[in-house]
Amino acid sequence: MRLRLATALALALALALGAAAPAAAQLSVSAQVNRTQVGLDDQVVLAVTVSGPQASLPDPQLPALSNFSVYSSGRSQNISFVNGRVSSSVTHTFVLVPRAVGKGLIPPIAVSAQGASAQTEPIEIQVVPPAGAAAAAPAGAPGTAPARPRPAPAGAGAPDVMVVAELDKPRAFVNEQVTLSVKFYAAVPLMGNPEYVPPKLEGFLGEDLPPLRHYDAEVKGRSYGVTEIKTALFPLQAGRLRIGSAVVRCHVQVDPSVDPFSPDFFERFFSQGITAPQARTVASQPLVLEVLPLPPQGRPAGFAGAVGRFSVSAAVDKDRAKVGDAVNLSVSVQGTGNLKAMGELALPALPSWRVFEPATSVNQQKQGDLVQGSKVIRTVLVPRVSGDLAVPAIPFTYFDPARREYVQARSAPLSVSVAPGDPGPASSPGYGAPAAPAAPGLTRVNEDIAYLKSGTAAPAATRLLEAAAAAGPVHALPFLFLGWAAGSAFYRGRLASDPQGARFRAALKRARSRLHQAQRAADHRQAAGLMSEALVNFLADKLAEPAAGLTMRRVAELLQSRQPGIPGPTIERIRAVWGELDSRRFAPPSAGPGGEGASVHDELAALFRDLEKELKR
Amino acid sequence: MTPALLAAALLAAPLWPSARADVPQGQKLYDQGDYPGAAAWYAQAAAADPRDAALRYDLGNALFKDGKTGRAIASYQRAFDMCPRDADMRHNLDYALRRAGEELVPAGAPPLLFLAFHLFSERELAGLQWLACWLALILAGLCLRRESLREALLPGTATALALWLGLGGWWLAVRGGISPPRRGVIVASSAELRSGPGESFSVSFTVPEGRRVQVLSANGAWLELGLVKEGVKGWLPASAVEEI
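Chains W and R are the protein sequences, given in the same order. Under this note's numbering, the first sequence has 273 at position 273, and the numbering climbs by one with no breaks. Just remember that this note's numbering sits 1000 ahead of the position in the second sequence, which is counted from 1.
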């Protein structure tokens, strides 16, 4: 009980001293920008890294950035499994496009998971006018549009601003990259940077493809300044998937119609100048993408969902080792496609190696409007035996949408020359005495569990003791024996303390015993002698007299004096039997036992029964 | 004399081991590398004969080879509890425990003392206690009947028996044979122990698979677990723990 109490106290104390500390201590977040001063026509790359012990870390919540338009540029993740613990870090990349000249502040970015939280330090960014734009836009005029969109003569049916969304292909396979381009056309000067609302995507995994592109184009005879945003889409399911409208809200510069003869001409002229801003909201047409399922025919067993074009390579950090040494194996899958949707790479069976749990890292990049990168699996191999051990070619199966078929890439096979290891501490199952750590002539090659024990019965001693523990009712027997011994001892003690009483109580038993002997006697004289002896001894025991010399007369006197309640016929029955037995004892030997002898025996037995009831002590 | 003969007959019966049929089937699957199949077979056999330590041990081997370290440790622990003197069972349990960051002999404990403490299983200790009790009762009965025996046996034998009954009772109580604590093994790959019985409670700490824990209480499908060595406790879904 004391041990339990101490354990409980130790548990409670340790709990109170901070059992919950580790989770909170390991979640962290940091933010970095590639520059702290940026032109109005340029952009800032913000990288937010969240790291911690969980396999799925929380996404950072970006606060409202009033002076910037924010575009996600993707994320890269590193996950490590070491000794059963998962540590992970995710870097989220954002592209910030300034909206106005002045100081821009990125407030603290917070993350929280499982009760723990962390946040970054605020970052200040100075937004300066674009180079060479001083002449186009008055200095210090906030909200003035960059110089990119410029006024142009209006073409027939060509609006001032418009948004067009396009896909690079009308149909694609599940998990194949499709590039969505959203183009914002402006033929008139913009008052400040526009606000962009990306299209609603359902059934897609999206990755932004920075940077923004700016160029000029002519539509229906009208010149436009175009801003283009590209997004890589990976459809997650087959069917006709809808892409919603992209919306742009902006203020454009329009020429107000000022009547020089109006009474308030001067008031309006000085209040709004020659030009006036006008709010515009434009949206693109929704799009539909036809997504084809991956063909079931020819799908290999090891296919885990990778779509694109990949290659696989493997390498070990050493080509010579000893048994028990650690050899680092790196398997890299690189190529174009959605690496995040790629299943785990399964290593082939390596019976000559002990394989530790692998750690995986993903490095994703976007080049040429294509999502690409590499996924690296690192693990530790420990050779179990010596010799030239091979790491066979590691296969990786993917679907190539261009070729419309499944392709299996393979790494080159590897080989490691393994020498016998140094003798180490005993690791094999003990046999008798503990093995010496470095017994001469013994070389520990491998450590493993001992073999099966199928059919091995428990030792006899174990079975005996377990049977004793589970004996159940048999446990009562020793108690019964002790009770019997105690009762017997008590009875014998009582006999020793009252010998006359003992004689009195045992008289009938002894008399019946002699009667029994008389039945088996050889002749009637011997039988009569035994019966006579039984009668005399019975009466002597009951009357507490010595049997020797006891006569019928003495018996009658004693019965009348000590047993006044005994009826007279009983005494006469005793006398009759006594006499009959005497006559039989001294009768001639020719008279053998017959019917008369049996009647005397029965009469004597009945007499004993009656006397046992009538004689009182 | 009849009770003594009856008792002897009942006790002698288990000395002849019962024949176990079809054991080579599990062994065959194991030898062929079909560890899931072997584990299923041994699990069925062990359920049919829960007092067979060898079947528990074999089940542990199949589970371990199948990569289920937590369940293997639970099975090895049961086998070790039944046959603590078996070197193979001790080795395999220790080997599997080291995978989970534990050792069979706790750090700081002298190995010989640990082995002595675990010389007998709890059932063996209970059996020894009963045999000592029987011996004491029979001797007491004989002494009541024979005065000569009383002088010859007392007080030496009586003192030895009383000492053994006292020591054995204490040993059995400490080993948990009288009021056994609920024990378990983590069988999830990385278990997150929470501050309360539900997903809404925050994660307090993580425990690797194969770690032995004490089951303190239960609340629905959640168990409150304690780690004595670290002095911490937390809640985990019952499906992530195998009670021993």
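We put the beta carbon where it would ideally sit given N, CA and C, even for glycine.
For residue i: DSSP bridge partner residues
i: W/Q408; result: W/T397
i: W/C250; result: W/R280
i: W/D216; result: W/G225
i: R/F965; result: Past the edges of chain R, shown from 1001 to 1244, lies residue 965 of chain R, and the structure says nothing about it.
i: W/K417; result: Residue identity check: residue 417 of chain W is Ser in the sequence provided, not Lys. W/R320, W/D388.
i: W/Q466; result: The identity of residue 466 of chain W in the sequence shown is Glu, whereas the question assumes Gln. In the DSSP output, where bridge partners are listed per residue, W/E466 has none listed.
i: W/P235; result: W/F204
i: W/M162; result: W/Y185
i: W/Q126; result: W/Q37, W/K103
i: W/E612; result: Paired residues: none, contrary to the question.
i: W/K230; result: W/S181, W/L209
i: W/S583; result: Answer by DSSP bridge pairing: none, since W/S583 is not bridged.
i: W/E195; result: W/R249
i: R/E1243; result: R/G1184
i: W/Q43; result: DSSP, once it has assigned bridges, lists no residue as partnering W/Q43.
Three-state secondary structure (DSSP) of residue i
i: W/I377; result: strand
i: W/A145; result: Bear in mind that the predicted position of W/A145 carries a pLDDT of just 35, short of 50, making it unreliable; the figure below should be weighed with that in mind. The answer is coil: DSSP assigns W/A145 none of H, G, I, E or B.
i: W/I109; result: coil
i: W/A606; result: helix
i: W/E121; result: coil
i: W/R171; result: strand
i: W/L572; result: Before going on, a small fix: residue 572 of chain W reads as Glu here, not Leu. Correct three-state label for W/E572: helix.
i: W/Q26; result: helix
i: R/D1049; result: coil
i: W/P423; result: At W/P423 the pLDDT is 44, less than 50, meaning the model places this residue with poor confidence and gives no usable figure here.
i: R/K1068; result: coil
i: W/H601; result: helix
i: R/R1248; result: Since the first and last residues shown for chain R are 1001 and 1244, residue 1248 of chain R lies out of range.
i: W/A31; result: strand
i: W/N67; result: coil
i: W/E176; result: coil
i: R/I1073; result: helix
i: W/Q517; result: helix
i: W/N328; result: strand
i: W/R240; result: strand
i: W/L452; result: coil
i: W/R403; result: coil
i: W/L550; result: coil
i: W/P434; result: Because W/P434 carries a pLDDT of 45, less than 50, the predicted location of this residue cannot be relied on, and no value is offered for it.
i: W/L289; result: strand
i: R/F1080; result: helix
i: W/A306; result: coil
i: W/A116; result: strand
i: W/V555; result: helix
i: W/V382; result: strand
The ligand NAP heavy atom lying under 7 Å from the CB of residue i
i: W/V44; result: In the structure shown, the ligand NAP is absent, as is every other ligand, since no ligand is present at all.
Integer Cβ distance of residue i from residue j, believed to fall under 8 Å
i: W/E124; j: W/T36; result: 7 Å
i: R/L1236; j: R/L1193; result: 5 Å
i: W/V44; j: W/V33; result: 5 Å
i: W/V355; j: W/Q364; result: Actually they are not in contact, since the Cβ atoms of W/V355 and W/Q364 sit about 27 Å apart, beyond 8 Å.
i: W/V331; j: W/I243; result: That pair is no contact at about 36 Å.
i: W/N537; j: W/R512; result: Not confirmed; about 11 Å, so no contact.
i: R/N1092; j: W/L452; result: Not quite, the Cβ-Cβ distance comes to about 10 Å (not below 8 Å), so this is no contact.
i: W/R515; j: W/A605; result: The sequence shown places Leu at residue 515 of chain W, rather than the Arg named in the question. Correct: roughly 6 Å between the Cβ atoms.
i: W/A246; j: W/V163; result: 6 Å
i: R/K1065; j: R/Y1095; result: That pair is no contact at about 12 Å.
i: W/V195; j: W/V161; result: The sequence shown places Glu at residue 195 of chain W, not Val. W/E195 to W/V161, Cβ: 13 Å. No contact.
In chain order, which alpha helix (DSSP H) runs of at least 4 residues are fully inside the segment 1118–1171 of chain R?
1122–1145, 1147–1153
In chain order, which continuous runs of the beta strand (DSSP E) of length 3 or greater are located wholly inside the segment 333–365 of chain W?
353–355
Kindly provide the ranges of any beta strand (DSSP E) runs that are 3 or more residues long and lie completely inside the segment 1175–1237 of chain R, ordered along the chain.
1183–1186, 1190–1194, 1203–1208, 1212–1219, 1222–1227, 1232–1237
Say whether the segment 305–313 of chain W touches the segment 167–178 of chain W, bearing in mind that this needs 3 or more beta-carbon pairs closer than 8 Å, one atom from each stretch.
yes
At 4 residues or longer, what runs of the alpha helix (DSSP H) sit wholly inside the segment 472–507 of chain W?
476–497
If you pair each beta-carbon of the segment 283–292 of chain W with each one of the segment 225–241 of chain W, do three or more pairs fall below 8 Å?
yes
Flag this pair as touching only if the segment 482–490 of chain W and the segment 1138–1149 of chain R have three or more C-beta atom pairs under 8 Å; answer yes or no.
yes
Check whether the segment 314–326 of chain W and the segment 396–406 of chain W touch, using three or more Cβ-Cβ pairs below 8 Å as the test.
no
Flag this pair as touching only if the segment 1196–1208 of chain R and the segment 1155–1173 of chain R have three or more C-beta atom pairs under 8 Å; answer yes or no.
no
The segment 483–503 of chain W / the segment 559–566 of chain W touching (three or more Cβ pairs under 8 Å)
no
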